[in-house]
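Those sequence lines, one after another, are chains A and B. For the first sequence, position 450 (counting from the first letter as 1) is numbered 450 according to the working numbering, and the numbering increases by one without interruption. For the second sequence, position 86 (counting from the first letter as 1) is numbered 86 according to the working numbering, and the numbering increases by one without interruption. Where is the CB? At the ideal position from N, CA and C, for every residue including glycine. The structure appears right after this line, and notes come after that.
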Amino acid sequence: MSGEVLVRLNVNGEHHTLALKPNTTLLSALRTHLGLTGTKKGCGTGDCGACTVQVDGRPVNSCLLLAVAAEGKRITTIEGLSHDGELHPLQQAFVKHGAVQCGYCTSGALMASKALIDRNDAPTSDEIREALSGNLCRCATYPRMLKAVAGWKEFEGVPFDARPHVHAERDQQRDHSVVSHGVTRYDAPDKVTGRAKYTADIQLPDTVVGKILGSPIAHGLIRRIDVSKARALSGVLAVITGADVPDAWYGVSPAREDEQILAKERVRYVGDEIAAVAAVDLETAERALRLIEVEFEELPAVFDPVSAMASGAPVIHPEKPRYAGNINTRVDWHFGDVTQGFAEADLVREQRFVGNRTYQSPMEPHAALARWEHHGDRLTLWSSTQTPHYLHRSLSRVLDIPMGNIRVIRPAVGGGFGAKAEATPLDFCAAILSKITGRPVAMEYTREEMYLHFRGRHKQYIDLKIGVKKDGTITAVEHRVVLDGGAYTSYGVITAYYAGSMLPTLYKIPNYKYDGTRVYTNLPASGAFRGHGVPQPRFAFESLLDMIAEELGLDPFDIRFRNAMEPNTRTGNALDISSCEFMETLRRARETSGWTAKKGKLPPGKGIGVGCGGFVSGAGYPIYRSDFPHSNAMIRVHEDGTGVTLHIAASEIGQGSDTVLVQIAAEELGVPYEWVWMAECDTTLSPLDLGSYSSRVTLMGGNAVKMAAQNVTAQLCEVAARELGCDPGALTAKDGRIFVKEHSTVGMDWAAAARIAFSKKGPVVGTGCYTPPRHLGGEFKGGTVGTSPAYSFSTAVAEVTVDLETGYVTVDRFTDYSDAGTVINPVTLHGQVEGAIIMGLGETLLEDTIVDAGGRFANANLHDYLIPTICETPEIHTAAVESYEPRGPFGAKEIGEGSLLPVLGAIANAIYDACGVRVTELPITPEKILRGLKERALRGSDSALVGGEVA
Amino acid sequence: MVMPDFTYLRPHSLAEACALASRFGGDAAFIAGGTELIPDFHRERETARHLIALDGLGELRGIAVEHGELRIGALTTVADVAASPLVRNRLEALADAARAIGSAQIRSLATIGGNFCRAVACADTPPAAIAGGARVHLAGPMGVRELAAEEFFVGPRRTVLATGELLVAIALPPQRSGSGSSYQRFSRRKGSSLAVAAVAVRLTLTSGRITGARLALGAVGPVPLLVVRAAEMLEGELPSTALFAKAAMLCADEALPITDVRGSADFRRELVGVLARRALEEAVARAAVGQP
């Protein structure tokens, strides 16, 4: 190609000469031209640090350095960090301290850490923070990175045991060999070496690049599209528009299928998909998009749900009369009698709260790769997804091909948090473009596109009213919510129900009314995000509870104890709470945080606050009506008995579910952890699992895996019983042996039993499945949402410092106690809770999307949409209370998603304690706090409220 | 967006660089660290067809004392500026400002010259340098010239640089004994963030009295703002809480903030008052250490 120059690069000690165009970045040269895909792309603009490499020893963003400018310099990438198969001590430290979750930021964080220790081999915590401030990690593994980098020297000269091995940390004292032990994450060794392959790392021969054209306007009708110039551009292989895609309406929620792959007539938000191209490279694809001519008839647009409901507002889905008034979903629940409940109350308080439109912002942009095989009638799609099954099903329905002809492969996923829980236009367009071109088509979103196409948190307008007796006993709650749904439904129907259904799981509410309205606007569609619909109502509830406690002269903990949920309770909205150690989390958090000595006794600007939360352990019903089991697993024993492979289409997205499932399999099989292989998540190999959403994998996937393992164990015990001349029921399997329970010396090797079983009857395979208890929930509309086999509970105490002159909030300390049932892996549990606290901190203080007058996001990038960095990391103490959930595998239930829920209220309450300012609108910015402080000073009062009045 | 095609030119001398830039005029841009320029390409804010790489011009790199002035070559990375004892000894504010920029990765690539020449309103080193009385050395087809740092900036992303002209160095005058400086900046998060408002101050104390003062504001105007009124008010006075409050108010008055995604104009103005007072307090404390 013209314009190329020869560039000599010295990478990891090897010299390469590449013919590159001068506009090639070092990142692109490494990944595309040298196949060194351990270096990741998270933004392309130097904001995230995922692409960090060392150049002459210094850390640099390889996305900002032109390859030509790196000539003659010594470049070290993650692939050059380990030598002769020996992990660098830093890599070992990351593995052992649990500093690896989704792994997408890991290479960059390791290279930045390496640059630090090269200059300073004993860095302080502050020095580590400064060195890693440019390495964003949305799993927020920061506390563990701090430990790993500070303690890296402990691993110097220590040969790494490549097998995942049992970690010393143990939370529980039950007689388990693998479960409840902090074993090394299953995927950590691949993630610290850059070997783990994410979708965009997969390079197939002849692959072409696809790209989607988004609408430049927020609302309008497409009058004309002319793609002739784009088609004529050299290097363009296909151009498609709405006319070339199926007419089917789709959506992850079968109740409201309102999306089309490419707009056929109308665009409803800036970014709405209009056309797609496939071309030989990204540059050509982008050039082709610019050559597509679209003529619009621009229509008035509306960007907030209150205006969208007003009469005369632009109608966003006029072809569907059921959405008249732009109302997408309406929920109207009344349990008990709130009128009577409020009449019985000694105090009734009502307050308006407003949430923020936040984004999951996983470090890995969504990517898809499609290829047609066989006789061109079978589609393979690699996709960065949390829910391979829903993706599989959507592809089948929209493209009108049987699921049997589609193979979905879920490679490593660099975080999801709800953003990757449905089929995306990338998945569909890659499939269609690949069919047309006959070549593999790779597509990925830019960071900016992620804000347009990832379904972020609904912004909620909440009017909350709570009635209590003098002693704090809740008599009634009325909860009215308007949700900004954006242009399409996504998961929004469920969000609207969740926003109401989860409040009564934490506190006993005898009379409860919930009125939820999800409204269409001309903004990107909102969807599911960690805590699905609940964080903002929970923030409102925890804030209002503190306001009430203050008015009644009660301690915030006391009002929570007074109303706390107890085990084996049916809530007013017909949810069955089984295990519940909420009270214990309150007790322990109060004690450990030093609450009594601090509350009300800290100097001005310092404050302490409590918040509580909890979540489902998997939804009681799938997103579409079906009778099949929600999780299914298969375990195949290797023929010589020295290993087993676990097959399940559950999705490791960073939360540690592969590790947890492997632990459960090993424990139940009675084999060492390192014997278990996790098969790739591939729908041709792995039985259906509904995926990683609603915190379902540990309980549901775990139960299916446990059952599959029991099945294998039963087969082997039968063989062993014959060999040992005893009853199979007398045998047990543990630590690689099968033996008589009462006489442990009488037994045989597990592997020997497996070999005999294989010799006698062929492959040893066990299967298992899990279906939640039938008929969960009430017989009213939406009564299924919020149902779950089990619920988690947690209490968090935040301590903050407020700069009384600038309003800046520093979160100093967090104490969190969770009831997660039996802890399967304490290391991943702490990592998940810490990550939830830090993500919640961002949601409370930093994150919001700013919409301009034309409906565009003014801060769709990682330097103005501010997610927490390592510098925001507070001191965090997390622990689990003793608990056992009878419906969970080994007594386990949810952790990680529910852990986000207490954070917002805890910080808001701590800020109030610190400075007397109650901010009711998220995020709680310095500007809002300062407004409150000024008002306080003006009125000479102790406190001020910043936020809206009840509508 | 993928970057457009451009040619990459590597001059070996200042004269060659200037000649190339003159030849291509508006179609050319100099590239040093590239940390602003590369994202600007992606954002379609930069349209140069020819990049003139400065990395071959060793004479633009390094920090050294020449004729009493501390000369910081334009190609010196901000990491090196932040870590330099020479810079810290002469103007703490500048070292602190350099350290506040972006992340470790950005600081390894970004140059102080780039921080000046891209002339982004929230750039950190310019206000600090201005408070320190820095001068900028320029070279171009018409020869060399030198001006006060505050005169370098014309508007957002606009400087006095003529076609073919480039920034060679930033020079800090000798600091009188009894001088101290401070750079105070507010951003929305601690790690890797852009300034919402910033104030740089340098004070000189003689026998406890302020005998020299320079104050500059960042991120609250189209260019870094030198606040002459506040400096004049401070000169000859004894430091006091009331005096600093008055000076801080003058700074807030002189700010020309706008409302954008990082904060409102009112909030920024208020921040300027707080930051100015804090900068004055830190500068006076630092000055007190070495005063005659």
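- Interface flag for residue 75 of chain B against chain A is unset, since no Cβ pair is found closer than 7 Å.
- The C-alpha of residue 716 of chain A lies about 19 Å from the C-alpha of residue 704 of chain A.
- Contact between residue 200 of chain B and residue 186 of chain B is ruled out by a C-beta separation of about 13 Å, above the 8 Å threshold.
- By the CB criterion at 7 Å, residue 128 of chain B and residue 183 of chain B fall inside the cutoff.
- Distance check between residue 278 of chain B and each of B/197, B/98 and B/158 places B/197 closest, using alpha-carbon atoms only.
- Residue pairing by DSSP places residue 921 of chain A opposite A/354 in a beta bridge.
- Residue 859 of chain A reaches chain B at 261, counting residues in chain order whose Cβ is nearer than 7 Å.
- Residues are counted here when their Cβ sits less than 8 Å from a Cβ of chain B; for the segment 615-635 of chain A the count is zero.
- Chain-ordered listing is empty here: chain A has no CB closer than 7 Å to the CB of residue 233 of chain B, the nearest sitting near 21 Å.
- Under the Cβ criterion of 7 Å, residue 8 of chain B is counted among the residues facing chain A.
- Between residue 290 of chain B and residue 212 of chain B, the CB-CB gap reaches or exceeds 7 Å.
- Every beta strand (DSSP E) of 3 residues or more that sits fully in the segment 33-72 of chain B is shown, in chain order, as 50-53 and 63-66.
- The beta-bridge partner set that DSSP reports for residue 857 of chain A consists of A/851.
- For the segment 13-31 of chain B, the beta-carbon criterion of a distance under 7 Å to any beta-carbon of chain A is satisfied by none of its residues.
- The segment 119-133 of chain A makes no contact with the segment 673-681 of chain A; the number of CB pairs closer than 8 Å stays below 3.
- None of the residues of the segment 234-253 of chain B has a beta carbon lying less than 8 Å from any beta carbon of chain A.
- Think of a sphere of 8 Å around the beta carbon of residue 106 of chain B: the chain A residues whose beta carbon falls inside it are 46, 61, 64 and 134, in chain order.
- Between residue 35 of chain B and chain A, the shortest Cβ-Cβ separation is below 7 Å.
- Contact annotation for residue 210 of chain B against chain A: no contact, minimum CB-CB distance about 23 Å [criterion: below 7 Å].
- Pairing residue 702 of chain A with residue 664 of chain A gives a Cβ-Cβ distance under 7 Å.
- Relative to residue 587 of chain A, the option among A/52, A/179 and A/557 whose CA is nearest is A/557.
- The beta-carbon of residue 182 of chain B is placed no less than 7 Å from the nearest beta-carbon of chain A.
- Your pair residue 302 of chain A and residue 314 of chain A checks out as a contact, with CB atoms roughly 5 Å apart and the cut at 8 Å.
- For residue 358 of chain A, no CB of chain B lies under 7 Å from its own CB, so it is not counted at the interface with that chain.
- The alpha-carbon of residue 41 of chain B is positioned some 44 Å away from that of residue 311 of chain A.
- Residue range 747-749 is occupied by the beta strand (DSSP E) that includes residue 747 of chain A.
- Under the DSSP definition of a beta bridge, residue 59 of chain A partners with A/54.
- With respect to the 7 Å criterion, residue 209 of chain B and residue 231 of chain B are not classified as neighbours on the basis of their beta carbons.
- Taking a beta-carbon distance threshold of 7 Å, residue 257 of chain B does not count as an interface residue toward chain A.
- Residue 118 of chain B places its beta carbon 7 Å or farther from that of residue 846 of chain A.
- Taking 7 Å as the cut-off, the beta carbon of residue 413 of chain A is found no closer than this to the beta carbon of residue 430 of chain A.
- From the listed residues A/348, A/530, A/660 and A/378, the smallest Cα separation to residue 419 of chain A is found for A/530.
- Residue nearest to residue 28 of chain A within the set A/143, A/63 and A/589 is A/63 (criterion: CA-CA distance).
- Residue 340 of chain A sits exposed, since fewer than 16 C-beta atoms from the chains shown fall within 10 Å of its C-beta.
- Residues of the segment 862-881 of chain A with a Cβ closer than 8 Å to any Cβ of chain B, in chain order: 863, 864, 866, 868, 869, 870, 871 and 872.
- At the C-beta level, residue 224 of chain B and residue 126 of chain B come within 7 Å of one another.
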